[in-house]
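Residue numbers (my numbering): 8 to 211.
All C-beta atoms in this analysis are idealised placements derived from N, C-alpha and C, irrespective of residue type, glycine included.
First up is the structure itself, then whatever we jot down about it.
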């Protein structure tokens, strides 16, 4: 297989992602990362322990800037050019949406959030995700307005994002824990004795 064009870029981007993931995990598990976690939980307590939170915040900002630079380089290589639109606040907002979708305060969550964001974006733009709306709009004779929904795909994504924040505030990474919690509740409800059963046992 000849690594040229899109295939070569795919492996470069994948390698950068994997390397960044393990490097970030290494940083978080280091003493430096432990101090950052302490600052997140209680900055005053960290200051009383003799650490300077400002210095650690500055270093964390520098490290995050390095990863952002890598992302920008890959973006420029993939697009071939960088337009002024790349500096719009919407781009920064999209990154925040990815992080929140995946799960705040987690390492793997933003990666999952990025896949979910771009996957939903593709499904909404090509009309796959709004296919049920075709049937609903046709029932009331408003199918001609369906193009307005697909053209304003960011509005659809925004609605999905709001639903995620309401019903899944901890992000996608919390789905397994939520599922286990629901299963445990269901099992407890099935095994719990009925109120009448307890009364009958007392009469005997």
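Report the rounded CA-to-CA distance for residue 73 versus residue 194, giving the unit in angstroms. Your numbering for residue 73 matches position 66 in the chain shown. Your numbering for residue 194 matches position 187 in the chain shown. So the alpha carbons of these two residues sit roughly 48 Å apart.
Closest residue to residue 77 among 26, 197 and 162 (Cα-Cα distance): Along the chain shown, read from residue 1 onward, the residue named residue 77 stands at position 70. Checked all of 26, 197 and 162; the closest Cα to residue 77 is 26.
What is the C-beta distance between residue 177 and residue 110, in whole angstroms, given that I count them as a contact (C-beta under 8 Å)? Translated into the one-based positions of the chain shown, residue 177 becomes position 170. Translated into the one-based positions of the chain shown, residue 110 becomes position 103. Sure, about 6 Å apart at Cβ, within 8 Å.
Taking 8 Å as the threshold (C-beta atoms), are residue 31 and residue 114 in contact? Position 107 of the chain shown, counting from 1, holds the residue named residue 114. Position 24 of the chain shown, counting from 1, holds the residue named residue 31. Yes, they are a contact pair.
For residue 45, the three-state DSSP class (helix, strand or coil): As a working note, residue 45 is residue 38 in the chain shown. If DSSP states are grouped into helix, strand and coil, residue 45 belongs with the helices.
Could you tell me how far apart the beta carbons of residue 172 and residue 107 are, in whole angstroms, since I believe they sit closer than 8 Å? As a working note, residue 172 is residue 165 in the chain shown. As a working note, residue 107 is residue 100 in the chain shown. Their Cβ separation, rounded to whole angstroms, is 7 Å, which keeps residue 172 and residue 107 in contact under 8 Å.
I'd like the span of the alpha helix (DSSP H) that includes residue 196, first residue to last. Translated into the one-based positions of the chain shown, residue 196 becomes position 189. First-last of the alpha helix (DSSP H) with residue 196: 182 to 198.
Check whether residue 189 and residue 181 have beta carbons under 8 Å apart: Taking the chain shown and counting its residues from 1, one reaches residue 189 at position 182. Taking the chain shown and counting its residues from 1, one reaches residue 181 at position 174. Against a cut-off of 8 Å, the Cβ pair of residue 181 and residue 189 comes out as no contact.
For residue 113, the first and last residue of its enclosing alpha helix (DSSP H): Counted from its first residue, the chain shown places residue 113 at position 106. Counting along the chain, residue 113 falls outside any alpha helix (DSSP H), and DSSP gives it neither H nor E.
Using the C-alpha atoms, what's the distance from residue 185 back to residue 67? Start at 1 with the first residue of the chain shown, and residue 67 comes out as number 60. Start at 1 with the first residue of the chain shown, and residue 185 comes out as number 178. Whole-angstrom Cα-Cα distance: 31 Å.
Round the Cβ separation of residue 104 and residue 16 to the nearest angstrom and send it over; I've been treating them as touching at under 8 Å. As a first step, residue 104 must be located in the chain shown, where it is residue number 97. As a first step, residue 16 must be located in the chain shown, where it is residue number 9. Not really, about 24 Å apart at Cβ, beyond 8 Å.
Output the distance between the C-alpha atoms of residue 53 and residue 191, rounded to the nearest integer angstrom. Taking the chain shown and counting its residues from 1, one reaches residue 53 at position 46. Taking the chain shown and counting its residues from 1, one reaches residue 191 at position 184. Whole-angstrom Cα-Cα distance: 38 Å.
Quick check: what's the CA-CA separation for residue 84 versus residue 98? Working through the chain shown from its first residue, we reach residue 84 at position 77. Working through the chain shown from its first residue, we reach residue 98 at position 91. Each residue's alpha carbon lies about 17 Å from the other.
CA-CA distance, residue 8 and residue 96? Numbered from 1 along the chain shown, position 1 holds the residue referred to as residue 8. Numbered from 1 along the chain shown, position 89 holds the residue referred to as residue 96. Residue confidence for residue 8 is low, a pLDDT of 44 falling below 50, so the modelled location carries little weight and cannot support an answer.
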